[in-house]
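Read through the structure below, which is laid out as structure tokens, and then see the notes.
Protein chains: 2
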Amino acid sequence: MLSYTEENYLKAIYHLSGSGTKAVLTSEIAETMNTRAASVTDMIKKLSAKNMISYEKYYGVKITRQGKAEALMVVRKHRLWETFLVQKLHFSWDEVHDVAEQLEHIQSALLIEKLDEFLEFPTVDPHGHPIPDKTGKFVEVRQIPLSDCSGKKKITIRAVRNGSPSFLQYLSKIGVYIGATVAILEKIEFDGSLEIMIDGKKKVFISREASQNLLVTE
Amino acid sequence: MLSYTEENYLKAIYHLSGSGTKAVLTSEIAETMNTRAASVTDMIKKLSAKNMISYEKYYGVKITRQGKAEALMVVRKHRLWETFLVQKLHFSWDEVHDVAEQLEHIQSALLIEKLDEFLEFPTVDPHGHPIPDKTGKFVEVRQIPLSDCSGKKKITIRAVRNGSPSFLQYLSKIGVYIGATVAILEKIEFDGSLEIMIDGKKKVFISREASQNLLVTE
DNA sequence: ATAAAAGTTTAGGGTTATCTAAAAAATTTT
DNA sequence: AAAATTTTTTAGATAACCCTAAACTTTTAT
């Protein structure tokens with residue numbers, strides 16, 4: 508049984524490790540958790556004692572199989588709650604993160620299974636991120652940043668990489684949403700910005716930063 | 508801003524004080540919170556410093572206007588969540604309490620207003636308890652225990668007084684629910700038990716304890 | 001290769017919420 | 001009214017989580 512704080516650290520480690528594929532440094536964790544390295548070291552010892560991560564001094568941490576399973580359940584809860592907030596309570600996609608950060612820690616297996624059923628077993632959340640099922644599995648669609656796309660193929664917006672409220676609000680404003688079809692009309696050499704056509708209807712320019720934050724399939 | 512624990516203490520004080528009408532003793536709080544009197548004294552000092560209760564040593568506490576408002580918001584959240592769990596996620600009424608105890612502490616005014624709207628502004632929860640509106644007001648229907656009813660008038664089940672899971676399961680089993688119509692067929696002198704007719708269809712005997720725990724209108 | 005810089009851990013504290021044991025006050029009993 | 005009992009408060013600890021400052025290790029630069 509993990510505490511609220513332990514769950515948050517574990518989730519951060521899971522994300523920072525690229526879903527558990529690489530080791531994570533103390534400083535990276537301190538950065539994302541907005542704490543000091545000393546606090547991270549304390550928590551690392553706790554999570555290590557609970558076999559959630561393996562830890563070697565000065566070398567960073569690796570998430571264990573068990574830790575990954577726990578982290579995936581927190582991610583599952585977070586994404587199911589975000590889906591609920593948008594689909595049922597009509598939150599906009601830029602309003603859901605902070606509330607889901609709280610809701611993800613509610614302890615009740617029954618609740619999350621019933622919520623999943625109520626939402627009809629969604630596979631992606633409002634930001635296009637995959638929702639692990641109750642065994643921790645999820646579909647991995649190979650997505651690339653829009654900035655890496657070439658030519659004028661039919662492109663579908665699949666997810667945002669960094670879902671900050673201001674970026675999401677900006678996307679809404681220009682008419683970009685998950686599932687939208689876009690075509691690249693022109694790439695501006697000078698600054699890497701793109702002129703794109705959204706749903707064959709609307710032309711807009713987006714910055715390189717924005718195009719790097721949009722994950723798409725061709 | 509109150510902590511999770513402060514909210515729980517305040518809610519307990521609100522209930523123990525009869526919605527803020529009478530003073531509450533340290534020992535009563537310790538009893539319902541499953542803590543020691545010493546811990547209660549500590550918390551009383553904190554809540555008093557935050558002007559949620561007024562406190563005089565050795566005399567128990569009284570909830571303030573501000574404290575009552577805070578407690579009502581926690582009660583509102585608890586009851587809205589219970590309603591959600593039963594109506595939307597199809598929990599049974601004996602399964603909701605513990606989950607709602609967690610959900611009631613989620614901090615988001617937007618969430619609770621949207622939830623209220625999603626549920627179409629319910630006025631009572633699954634146990635028949637009134638749900639305060641966003642200003643803290645709620646309809647008070649004069650209810651009496653079934654045990655205090657006389658004669659064979661048409662009686663409507665309105666609420667349970669003590670909603671313990673085992674009592675609720677028992678009610679489901681014998682066919683008693685909020686809104687059911689009952690008639691008293693006979694009062695057994697020996698033990699105060701009642702023979703009742705439910706919805707004009709089913710006769711059952713219920714103990715005095717059970718009849719004292721059912722709140723009704725005549 | 002060694003000195004400087006960067007990153008990490010340890011040491012020592014602070015806060016919140018809990019506890020036990022002892023002291024103090026109020027209540028009940030004789 | 002005094003003694004006994006009960007209730008409440010105070011005193012002193014503990015655990016979780018976080019901090020700063022100092023010590024230690026690793027990495028980078030000269």
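For the protein sequence lines, the chains are A and B, in the order given. In terms of the working numbering, the first sequence is residues 508 to 725. In terms of the working numbering, the second sequence is residues 508 to 725. Where a beta carbon is used, it is the ideal one built from N, C-alpha and C, also for glycine. Keep in mind that this is a model prediction, so the values were computed, not measured.
- Each of A:S679, A:G707, A:I664 and A:L592 was checked against the Cα of A:V723, and the nearest Cα belongs to A:I664.
- For A:E696, the secondary structure class from DSSP, reduced to helix, strand or coil, is coil.
- Going by DSSP, A:V593 is part of the alpha helix (DSSP H) stretching over R572 to Q594.
- For A:K552, the enclosing alpha helix (DSSP H) starts and ends at A544 to A556.
- At least one beta carbon of chain B lies nearer than 8 angstroms to the beta carbon of A:K595.
- Secondary structure note for A:T539: its alpha helix (DSSP H) is the uninterrupted segment T533 to M540.
- Spatial neighbours of B:Q676 in its own chain (CB-CB distance under 7 angstroms, excluding positions within 5 residues in sequence) are listed in chain order as D601.
- Residues of chain A with a Cβ closer than 8 angstroms to the Cβ of B:E602 are, in chain order, L617.
- By the neighbour-count criterion, in which a residue is buried when 16 or more other Cβ atoms sit within 10 angstroms of its Cβ, B:I695 is exposed.
- With a threshold of 8 angstroms between beta carbons, A:K694 makes no contact with chain B.
- Note on the region 637-708 of chain B: whole beta strand (DSSP E) runs with a minimum of 3 residues are 662-667, 688-694 and 701-705, in chain order.
- Looking only at B:V568, B:A576, B:Y562 and B:L626, the smallest Cα-Cα distance to B:L592 is reached by B:L626.
- Assignment of B:L626 by DSSP, reduced to helix, strand and coil, places it in the coil class.
- Taking C-beta atoms under 8 angstroms as the contact rule, A:E513 and A:K553 qualify, at a distance of about 7 angstroms.
- Using beta-carbon distances, A:I638 does not count as an interface residue toward chain B, since no partner is under 8 angstroms.
- Taking the C-beta atoms as reference points, B:I713 is found nearer than 8 angstroms to B:L701.
- Contact between A:A578 and A:K661 does not hold, since the beta-carbon distance rounds to 35 angstroms and is not under 8 angstroms.
- Linking B:P629 to B:T590 through their CA atoms gives a straight-line distance of about 8 angstroms.
- Segment contact: the region 529-547 of chain B against the region 604-624 of chain B, fewer than three CB-CB distances shorter than 8 angstroms; contact not assigned.
- Residue pairing by DSSP puts A:F712 in a beta bridge opposite A:E702.
- The residue among B:I619, B:G574, B:E535 and B:A687 with its C-alpha nearest the C-alpha of A:F598 is B:I619.
- Our two residues, B:R543 and B:R586, have alpha carbons roughly 28 angstroms apart in a direct line.
- Rounded to the nearest whole angstrom, the C-alpha separation of B:T533 and B:R649 is 30 angstroms.
- Identification of chain A residues near B:L610 by a Cβ-Cβ cut-off of 7 angstroms yields I613, ordered along the chain.
- Using a Cβ distance threshold of 8 angstroms, B:L653 and A:L622 do not count as a contacting pair.
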